[in-house]
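Before any comments, here is the structure.
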Amino acid sequence: KFGVSVCPLTAPISEGEKVVGIVDIITRRAYKVIGGKQSEVPVPDDMSDRIEELYTELAESAAETSEELMEKYLDTMALSPEEIYSALSIGIAAAEIFPVFCGSAVTGLGTLTLLDAIKNFFPAPAEGGSPVAENGPAKAIVYKTISDQFGRFSLFKVISGKVTADMTLVNARSGGQERLGHIYYMQGKKTMEVQEIACGDIGAVSKLSDTKTGDTLCDPKNCAAAPGIDFAPPCYSMAIAPKTKGQEDKIGQGLSRLSEEDKTFTIINNSETRQLVISGAGDIHLDVLCSKLKNKFGVEVELFPARVPYREKIRKPLKAHGRHKKQSGGHGQFGDVWIEFEPQDEQEDLIFAENVFGGSVPRNFFPAVEKGLRESINKGVLAGYPMVFLKATLYDGSY
422 KFGVSVCPLT
432 APISEGEKVV
442 GIVDIITRRA
452 YKVIGGKQSE
462 VPVPDDMSDR
472 IEELYTELAE
482 SAAETSEELM
492 EKYLDTMALS
502 PEEIYSALSI
512 GIAAAEIFPV
522 FCGSAVTGLG
532 TLTLLDAIKN
542 FFPAPAEGGS
552 PVAENGPAKA
562 IVYKTISDQF
572 GRFSLFKVIS
582 GKVTADMTLV
592 NARSGGQERL
602 GHIYYMQGKK
612 TMEVQEIACG
622 DIGAVSKLSD
632 TKTGDTLCDP
642 KNCAAAPGID
652 FAPPCYSMAI
662 APKTKGQEDK
672 IGQGLSRLSE
682 EDKTFTIINN
692 SETRQLVISG
702 AGDIHLDVLC
712 SKLKNKFGVE
722 VELFPARVPY
732 REKIRKPLKA
742 HGRHKKQSGG
752 HGQFGDVWIE
762 FEPQDEQEDL
772 IFAENVFGGS
782 VPRNFFPAVE
792 KGLRESINKG
802 VLAGYPMVFL
812 KATLYDGSY
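Here you go:
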C-alpha cells in the first residue's frame, strides 16, 4: 500500500484483538513482556511463513539502496541480515527507506527493539551536516513547557555554546531578555541544579517571563532564531464543561496553562452555541488533558459532543421585493426595494452591490439597504441559521 520505501522491521503477535508480542523480522526472534520485562519467546508456528514474506520484501527494499546489492539480489534472490543492516543505514540516512516498528507504550513492548534500531541504523547527529558549535555563542531551543498550579518549567536543548546559571539571553521571537537564574538537569520528576549545560545537552529553567514552546534563546550579541517546531493542526473537537457548577473560570485558567506546554490543542469559546470547545489530536489526547486538569488544577470536567453551528446558503438566483411603510405622525416612513439574490463563492460574508438606474433609489439610501440586509441574514429563512456565501444586488425601488 505504501510502496517499497516503507519497511516494517517488526511484526505484531496477536491473540484475538490483543497484541501480546512482536517478531523482529531480520533476526526472526520473537518477544513478549513477561514480569514487566521484554523476554524472548519462540516465534508462533502460524507466523513463520508471514515473517519470511516480510523478510523477502525487506531484502528487496534494501537491494534498491545500491547497484552492488541489487546485482547480488538478482543473482541469489537473497541478502544476509548483515547486508540488510548496512543497506538500512544507507537508506534511512538518504530518506529512501522509512522503517516501521510496532509496540506498546503502556507495557514497554517493542521499546528496546526501537531503541536498538535508532542506535544501529539512524544517522548520528555528527553526520547531519550541521557545524559543531561547542565553542560558539550560546543558543538554546525551548522544546517543552511543564505547567502546574505552582509555576512552570521550560525544558531546552543547547544547540550552540553553553548555558550557565544567572546568564541573560534574548528571546529571538519577542526580543525580550530572559535571566535564567537557576538551571537544572531533569531526572524523571526530580531536578538536579547545575552551574552550566553544555552544547547538545538538555536542561530546564523556571520562571521565564515571556518564553513559549518553540522559542529560541540566544546570546544578545548573536541573536538568530532556530527553525521552529511545526505542530500538527487539531482534528478532533469536543465541548468541555465542569462537573460542578461555578468552576468555569478554573477550566479556563487550567486550559490556558496547559496550552503553554501543549501547542497541539486549541480552545474556542463559541458564543453561538454557548459551549467551550477543545480541539486536539483525538479522544485519547483530550482524555489526557482532562486528567491533567483534575490532577494539576483540581477541577473535574466532562466532555460532550460539540454542537454544530449550522449555516444556510441559497442554491440558485432569485429576486425579492420588500416594502416598509409606517405612519407615526409627520411624513412617516416608507421604503420600497427590489433585491436580486444569488449564490457566490468568493467569500463567506455578504457581498452587497447596486445596479440602480434613473435614481429610483437615491445613493444616500444605499447604506441603509445594506445594513438591513446584513441584519436579516443573521437569521435564515430555512431554519433560522445565519446565511453565508450570498450576493445581494439592489436594482430598483421607490421612496
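Count along the sequence shown from 1, add 421, and you get the number used in the working numbering. The beta-carbon is built from N, C-alpha and C at its ideal position, and this holds for glycine as well. Treat the numbers as computed from the prediction; the structure is a model and nothing was measured.
What residue from 454, 460 and 634 has the CA that sits closest to residue 565's CA? For residue 565, the nearest C-alpha among the options comes from 634.
Could you check if residue 452 is buried or exposed, using at least 16 other CB atoms within 10 Å of its CB as the buried criterion? Per the 10 Å Cβ criterion, buried.
Name the residue from 446, 531 and 462 whose alpha carbon lies nearest to the alpha carbon of residue 480. With distances taken between CA atoms, residue 480 lies nearest to 446 out of 446, 531 and 462.
Please confirm whether residue 583 and residue 647 have their CB atoms less than 8 Å apart. Contact: no.
Using three-state DSSP, classify residue 609 as helix, strand or coil. DSSP places residue 609 in the coil class of the three-state scheme, outside both helix and strand.
Less than 8 Å between the CB atoms is what I'm expecting for residue 653 and residue 685, so what's the real figure, rounded? Their Cβ separation, rounded to whole angstroms, is 6 Å, which keeps residue 653 and residue 685 in contact under 8 Å.
In chain order, what residues of the same chain have a beta carbon less than 6 Å from the beta carbon of residue 678, not counting five sequence neighbours either side? Beyond the five residues adjoining it in sequence on each side, residue 678 comes within less than 6 Å, by CB distance, of 568 in the same chain, given in chain order.
How big is the Cα-Cα spacing for residue 563 and residue 427? Whole-angstrom Cα-Cα distance: 32 Å.
Looking at the ligand ADP, does it come within less than 7 Å of residue 736, judged from the CB to the closest heavy atom? Here there are no bound small molecules, and the ligand ADP is not part of this structure.
Residues near residue 687 in its chain [Cβ-Cβ closer than 7 Å; skip 5 each side]: Around residue 687: 655 and 700.
With contact counted as at least three CB pairs below 8 Å, one residue from each stretch, are the region 599 to 606 and the region 534 to 547 in contact? They do not touch, by the three-pair rule.
When the Cα atoms are used, what is the spatial distance from residue 823 to residue 577? No information on residue 823 is available, as it lies outside the stretch 422 to 820 that the chain covers here.
Go through its chain and collect everything with a Cβ distance to residue 524's Cβ below 8 Å, but skip five positions before and after it. For residue 524, where only same-chain residues beyond five positions count, the Cβ hits under 8 Å are 431, 443, 530, 531, 532, 534 and 535.
Take residue 462 and list the residues in its own chain whose beta-carbon comes closer than 6 Å to its own, dropping the five residues that flank it on each side. Around residue 462, the same chain offers 451 and 453 as residues with beta carbons nearer than 6 Å, after the five sequence neighbours per side are excluded.
At the level of alpha carbons, what is the spacing between residue 540 and residue 512? Looking at the two C-alpha atoms, the distance is approximately 15 Å.
Who are the Cβ neighbours of residue 612 in its own chain at under 6 Å, not counting the five residues just before and after it? Correct list, in chain order: 605.
Whole-angstrom distance between residue 756 and residue 815, CA atom to CA atom: For residue 815 and residue 756, the distance between alpha carbons rounds to 13 Å.
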